[in-house]
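In this note's numbering, the protein residues as written are 1 to 242.
For every residue, glycine included, the Cβ atom is placed at its ideal position computed from N, Cα and C.
Heads up: the structure comes next, in structure tokens.
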């Protein structure tokens, strides 16, 4: 059993290890201009180096996921709960879709995503009729809720590859959601667990920030990273004009 004391000890050990790796690593301008987590056992929020073209946001710094240890746990209101490893999720029929992820911080970036429809997963786990949504539990302690109605839209993918390569740790290895008509905070990544539930639940950002619980992209102004952050007006919903 994990006690409160053990939990705090583990988090403090991870934090001290991260600080130690960063303090004792040789400093250089090249290092300062890149992801500060490069070369460490951790991944976290950064906008430096190669990530200037597609920002990285994580709720908390987290340990990099070991592929041989990872599994997607599917629980809750389903007939056949179970666990799926990387080879299992890559066995589902692959769909490819180019879409733009829009952040509430007013930036966006486009990528070509490869993954599968949640309908393929549901053929295996068979959600019960009362299951109206899914709570996603992620490796960075982030939690997000999405309705099954949104998840079953053709635009939505459970993604394992980005721009023709497996997801990097920074972009959510080994599995993330891409739901392009909702803001980035509704696109959880580094997913560990999917829990089918019968009631709506607020996600992490919806609880602590001025963010809607629905997360649908609203009309406004976007500053796309791949267009030099030049402002563009958007009508709301998925961005399809550029």
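- Bridge partners of residue 159 according to DSSP: 115 and 176.
- With three or more CB-CB distances shorter than 8 Å, the segment 178 to 196 counts as touching the segment 114 to 134.
- Residue environment: residue 69 is assigned as exposed (fewer than 16 neighbouring CB atoms within 10 Å of its CB, all protein chains considered).
- For residue 148, the uninterrupted alpha helix (DSSP H) segment begins and ends at 148 to 151.
- When the Cα atoms are used, residue 184 and residue 219 turn out to be separated by approximately 15 Å.
- DSSP places residue 192 in the strand class (E or B) of the three-state scheme.
- Residue 234 carries a strand assignment under DSSP once its states are collapsed to helix, strand and coil.
- Three or more pairs of CB atoms, one per stretch, sit closer than 8 Å, so the segment 223 to 236 contacts the segment 39 to 59.
- Counting C-beta pairs with one atom in each stretch, the segment 97 to 115 and the segment 125 to 144 have fewer than three that are closer than 8 Å, which means they do not touch.
- In this structure residue 142 is in contact with residue 188, their Cβ atoms being roughly 6 Å apart against a cut-off of 8 Å.
- Along the segment 82 to 139, the beta strand (DSSP E) occurs as fully enclosed runs of 3 or more residues at 82 to 84, 95 to 102, 107 to 116 and 133 to 138, listed in sequence order.
- In the structure shown, residue 223 adopts extended strand secondary structure according to DSSP, grouped into three states.
- A direct Cα-to-Cα measurement between residue 39 and residue 79 gives close to 42 Å.
- The beta carbons of residue 146 and residue 179 sit about 7 Å from each other, so the pair counts as a contact at 8 Å.
- Residue environment: residue 200 is assigned as exposed (fewer than 16 neighbouring CB atoms within 10 Å of its CB, all protein chains considered).
- Judged by DSSP in its simplified three-state form, residue 143 adopts strand.
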